[in-house]
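Respectively, the protein sequence lines represent chains D and E. Position one of the first sequence corresponds to residue 1 (my numbering), numbered consecutively onward. Position one of the second sequence corresponds to residue 1001 (my numbering), numbered consecutively onward.
There are 2 protein chains.
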Amino acid sequence: MTATVPEPGRPRMARWLSTTNSVTATFLAAGRVQGLINLAGGLPAPELYPADAMAEIAGQVVRDHPAETLGYGPADGLPALKDALAGRLATADLHLSRDNVLITGGALQALDLVGKVLVEPGQTIAVQAPTYLGALDAWRPRDPVYRPITLDAPGLDAEAALAGAQFGYAVPNFSNPTGHLVGLPQRQALVAAAHRTGTWLVEDDPYGTLYYDAAPLPRLIELSAAMKPGPYAGPVIYIGTLSKEIAPGLRIGWVIAAPEMIAALTMGKLAGDMCSPGVTQRMAAAAIRCGLIDRIQPQVIALYRARRDALCAAMAAHLSGWLDWEVPVGGMFVWATLRDPSLDSARLAALALEAGVCVAPGASFDPLGRASRSIRLNFTLNDADRLQEGVRRLARALAAA
Amino acid sequence: MTATVPEPGRPRMARWLSTTNSVTATFLAAGRVQGLINLAGGLPAPELYPADAMAEIAGQVVRDHPAETLGYGPADGLPALKDALAGRLATADLHLSRDNVLITGGALQALDLVGKVLVEPGQTIAVQAPTYLGALDAWRPRDPVYRPITLDAPGLDAEAALAGAQFGYAVPNFSNPTGHLVGLPQRQALVAAAHRTGTWLVEDDPYGTLYYDAAPLPRLIELSAAMKPGPYAGPVIYIGTLSKEIAPGLRIGWVIAAPEMIAALTMGKLAGDMCSPGVTQRMAAAAIRCGLIDRIQPQVIALYRARRDALCAAMAAHLSGWLDWEVPVGGMFVWATLRDPSLDSARLAALALEAGVCVAPGASFDPLGRASRSIRLNFTLNDADRLQEGVRRLARALAAA
C-alpha cells in the first residue's frame, strides 16, 4: 500500500475554531496546579448533591420505565418531565402546555439550539454585557455580530437595543459574570420592547432559585405572559436548568417558549443528538415529583448565602484598597473592578495563578473584549476557609502587581 | 402596558429549517395510526434491553461515583468510559490512547460535531449514496454541497471521489439505508485515497457488530492504522454507538480519531452541551466492564438473523413480482427496488400507509433526491408474525398501485 508516500495536509477546520477564547484552556491547565484554590469557575458545592437519594432514584426509574429509559425517546423530551416542569413553572399568568416545553442537554444546549435556529452569519444578537462566556462559545459557530446592552444604564432605550436583532439575551437573575440583579423597571422595559419590536428575547435563568436576601422578582416570561391571556405564545424564550438546583451531571436543561419556537428548536435537537437520555430525564422528573428538589433548596440557599458572606467579608478585610464590588443578593459570583486604571485583569489573573488562586478575567465575558478591569469570583464551590485563603492569595498578587 | 398594540412579525428563522425533509414528520404522524406496522424506522427490539441488569447498574454507579455521575465532567468524556472503549476497539494495528477518544450524545451528535468543525457553507462532503438521513439532517445547518459516491460501482476512482472534499462519509458495515456491505477492495481503495489526498474519512459504524452470516471485515480505521505504526493519527474519523449493542436510550456514542480531530470536536462539544451526563457514561462503562454487552450480543444476533430471514421469506412469497432486493448479510434493513419504472416509492409509501404498513421511501436518503424507486424495510423491531403481516399489507398496496 502507500505507507511511504508523504501525506498531504488535511482540509482546514471551520473558522470559528481559530477564534475561540483561551480562558477555558487556561482554567483547565490551572486545574493541574497543586493546591490551587479555584475561584474562577461556576461550580456548585458537590457536598450538596443528594447522592443516596439519587442512587435510589436511578435504579428505580430504570426498573419502572425500561422502555423510556433504555429506548429512543421523543426529541422534545419525555412527557413526564415536560409535565413536571410545566407544572413547576406555570403561574397564574403563565399558562403552559407540553407544546411550550423542550428538554435539552443542560442550559448550554438550549443556547446552542437558539443560535442554530435563529442566526445566520452576520446577523445581530443583542446581549446584556458583559455576557455569559458559554453563550458566546455556543453562538460562535453561527458567526453572529454582537450588540452589547448595559441593562442597568440610566435611560436604557430597550426598543433601540432590540430592534433589528434576531434575539436579545439577558440573565436577569444574578447575571453571569456580574452577579447583577436586573430590576423590575428594566425587566418591564425589556419585555415591552420585545413585544413591540417582535424580537425574540432569551431569558437565561440558571440562578433563579438562588435569591439569598429577598423575594424573587417576576421572570421576564411571567411579565410577557401577563400581557396576553391564554397559552404562552409570546417572544420570551426562557431557559432553565437543574444544574444549580440539584446536580449538573444530569445535564437536564429546558426551554419554555411559544410553540412555534419549541417546534423549531426540536428540529435542531432532532438533527443534533436525536433526544436526551431517558435515564436522566426520568431521574429529573422523579426528583421533582417526590419533592427532593424542594427539600434540598433551603440547604442550598443557606450554604451559598454563608459562603457569599464569607467571601465578601474576606474581600472587605483584604482587598478593599484595590478593588470595588457590590455584595450580590443571589447567584454564584462577585464581580470586582480594579481601581487602578493602569492594571489589567488578565495580568492580575496570571499573577493570581502564580500566587495559588484562580480568578476569571473580565474581558473573557465581553463580546467586544472590554470589561478588562474586572474579575469574577465564585463563592459556591469552596468552604469559608478556602475562600478566605483564596482572597489572601489574591491580595498578595495585587500587592505584587 | 402594551397588550392592545398588534404585534409585529418575529425575526425569520435560519434558512436550513425550511429545507428540512418531511419524512420524519410523516413517520411521527404514522405512529398515531391504529394498528400500523412500522417497517420504516431503524429501531432495535426493546425485548433485548437488559432492563434488570441496567437498573442494578444505574443505582450502583451513582452510589460508587457520586462526583462523576452528579457533577460536571470533562467535555471529552469520563476517563473510565474512554479507557473501556479504547480497550474494546484497539487491535494489533490500531493503537489507541485517551487522546483518540471523544464521548458523544449518540452517534448522531458525533456527526453533528464533524459538520460543525469541518464545514463552512458551500464546502463539499463526499457521501456514500444513498446516505443515512440523520447525517444529512445533522449537516444541513452547515449548508454543505454533496458529492455522491457509489461505493460498489465498478472502477470507482476513490481519489477523485475524495479530492477537495472536507471529508468523505461511508457506512461500510450494512449501510443505512441499503444494508450493503462494502467489500474489502473498496475499503482499501477508500482508505488509500484518504491517505493520499489528506481528506478526512468518516466511518460511521452503528451496525458493525450485526454480522449474521460471516466474519467481520476490517474497519476502515484498522486498515488506515496498518499503514502507519504508532498511536493513531490518520485521516479516518470512526464513529460508534451503544444504541444497537445495548440500549439507544443511554445516548452513548463515540469518536475514535487523530488527537487533533478529537481536540477540535471536543471544542465543539464543550460549546454545544458542555459534557455528556455522568450517569449514562458510567452505566456504559459498567456494562462493558462487567461483560453485559458481550453476554447479550449472541442474543441480539440470533434474534435479528431470524427476523431478517422471516422478512425476506415473506418478501419472496408476496413481493417478488414487484420488487428486487438482496438479502443483507447484517444490519437492520432490506433495500428493495421497484421493477416498474413508472412507480414512485413516495407514492408507494403513501399507499402502504393506507394499507397499514409504514415503509421508508428511498429519495429521503439521497442528498440529490434520487433513489426514488427504492424503499427501505426494517426487520429488527417487529417479530416474525408482524413482519409477515406487514409484507402482506405492502403487497396489497402494490397491487393497488
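In this text, a Cβ means the ideal position worked out from N, Cα and C, and glycines have one as well.
Residues that residue i contacts on chain D, provided the C-beta gap is smaller than 8 Å
i: P1259(E); result: Ordered by position in chain D, no residue passes the 8 Å Cβ test against P1259(E), which lies about 13 Å from the chain.
i: T1197(E); result: P8
i: G1356(E); result: Ordered by position in chain D, no residue passes the 8 Å Cβ test against G1356(E), which lies about 22 Å from the chain.
i: L1043(E); result: G71 and Y72
i: A1160(E); result: Those do not exist, as A1160(E) stays about 15 Å from chain D at its closest Cβ, beyond 8 Å.
Under 9 Å from the C-beta of residue i: neighbouring residues of chain E
i: R15(D); result: E1120
i: A55(D); result: A1058, G1059, Q1060, V1061, V1062, R1063, D1064, P1066 and T1069
i: Y304(D); result: Simply none; closest approach about 16 Å.
i: V117(D); result: M1013, A1014, W1016, L1017 and P1141
Cα-Cα separation between residue i and residue j, rounded to whole angstroms
i: E245(D); j: W1139(E); result: 34 Å
i: P278(D); j: G268(D); result: It should be noted that the sequence gives Gly, not Pro, for residue 278(D). Cα to Cα, the separation comes out at about 19 Å.
i: Q1188(E); j: N382(D); result: 55 Å
i: L1085(E); j: R1307(E); result: 29 Å
i: S345(D); j: V1117(E); result: 31 Å
i: S364(D); j: L133(D); result: 7 Å
i: A360(D); j: G42(D); result: 10 Å
i: A1397(E); j: E1354(E); result: 8 Å
i: R305(D); j: V327(D); result: 11 Å
i: A1384(E); j: L1303(E); result: 10 Å
i: T2(D); j: I1256(E); result: Residue placement at T2(D) is flagged as unreliable, the pLDDT there being 44, under the threshold of 50; a coordinate-derived value is accordingly withheld.
i: P185(D); j: T197(D); result: 18 Å
i: D1152(E); j: M1315(E); result: 24 Å
i: G356(D); j: G390(D); result: 8 Å
i: H180(D); j: I1262(E); result: 37 Å
i: C1358(E); j: G1035(E); result: 11 Å
i: Y212(D); j: A310(D); result: 14 Å
For residue i: DSSP bridge partner residues
i: P231(D); result: H95(D)
i: E203(D); result: A170(D) and Y238(D)
i: E1358(E); result: The amino acid occupying residue 1358(E) in the given sequence is Cys; Glu does not appear at that position. Answer by DSSP bridge pairing, in chain order: N1038(E).
i: W325(D); result: A336(D)
i: A1126(E); result: R1147(E) and G1168(E)
i: G1105(E); result: I1252(E)
i: G330(D); result: Y211(D)
i: L303(D); result: According to DSSP, which records beta bridges pairwise, L303(D) is partnered with nothing at all.
i: R10(D); result: BP columns for R10(D) are empty, so no partner.
i: I1375(E); result: A1336(E) and P1361(E)
Cβ pair residue i, residue j closer than 7 Å
i: S1243(E); j: G1105(E); result: no
i: N1193(E); j: E1159(E); result: What sits at residue 1193(E) in the sequence shown is Ala, not Asn. Contact: yes.
i: A129(D); j: P148(D); result: yes
i: P1259(E); j: D1099(E); result: yes
i: T380(D); j: A165(D); result: no
i: I1103(E); j: G1071(E); result: no
i: P952(E); j: A1107(E); result: No information on residue 952(E) is available, as it lies outside the stretch 1001 to 1401 that chain E covers here.
i: A1225(E); j: D1093(E); result: yes
i: A1247(E); j: A1080(E); result: no
i: G253(D); j: A53(D); result: no
i: Y1049(E); j: P66(D); result: yes
i: E1120(E); j: A14(D); result: yes
i: G1168(E); j: L1136(E); result: no
i: A1349(E); j: G1362(E); result: no
i: L1156(E); j: T1199(E); result: no
i: K318(D); j: R376(D); result: In the sequence on display, residue 318(D) carries His and not Lys. For H318(D) and R376(D), no; Cβs fall outside 7 Å.
i: T1131(E); j: P1367(E); result: yes
i: M283(D); j: A58(D); result: yes
i: V1329(E); j: A1214(E); result: yes
i: I239(D); j: D204(D); result: yes
Proximal chain D residues relative to residue i, where beta-carbon distance stays under 7 Å
i: S1364(E); result: Those within 7 Å of S1364(E) in chain D number zero; the least Cβ separation is about 14 Å.
i: P1248(E); result: G71 and Y72
i: Q1109(E); result: G272 and D273
Within chain E, partners of residue i - CB distance below 8 Å
i: R140(D); result: A1271
i: L39(D); result: Near L39(D) there are no residues of chain E at all, since even the closest Cβ is about 16 Å away, more than 8 Å.
i: K82(D); result: Residues of chain E passing the Cβ test: none, with the nearest at roughly 16 Å.
i: T137(D); result: With the sequence shown as reference, residue 137(D) is identified as Asp, and Thr is not the correct amino acid for it. Going along chain E in sequence order, the residues near D137(D) (Cβ under 8 Å) are L1270 and A1271.
i: Q166(D); result: P1011
i: R251(D); result: D1273, M1274, C1275, S1276 and P1277
i: A284(D); result: By Cβ distance, chain E contributes nothing, its closest Cβ being about 10 Å from A284(D), past 8 Å.
Listed by chain order, chain E residues near residue i by CB distance under 7 Å
i: G105(D); result: G1105 and D1273
i: T280(D); result: P1277, V1279 and T1280
Proximity test, residue i beta-carbon vs the ligand ADP heavy atom, cut-off 6 Å
i: F365(D); result: Here there are no bound small molecules, and the ligand ADP is not part of this structure.
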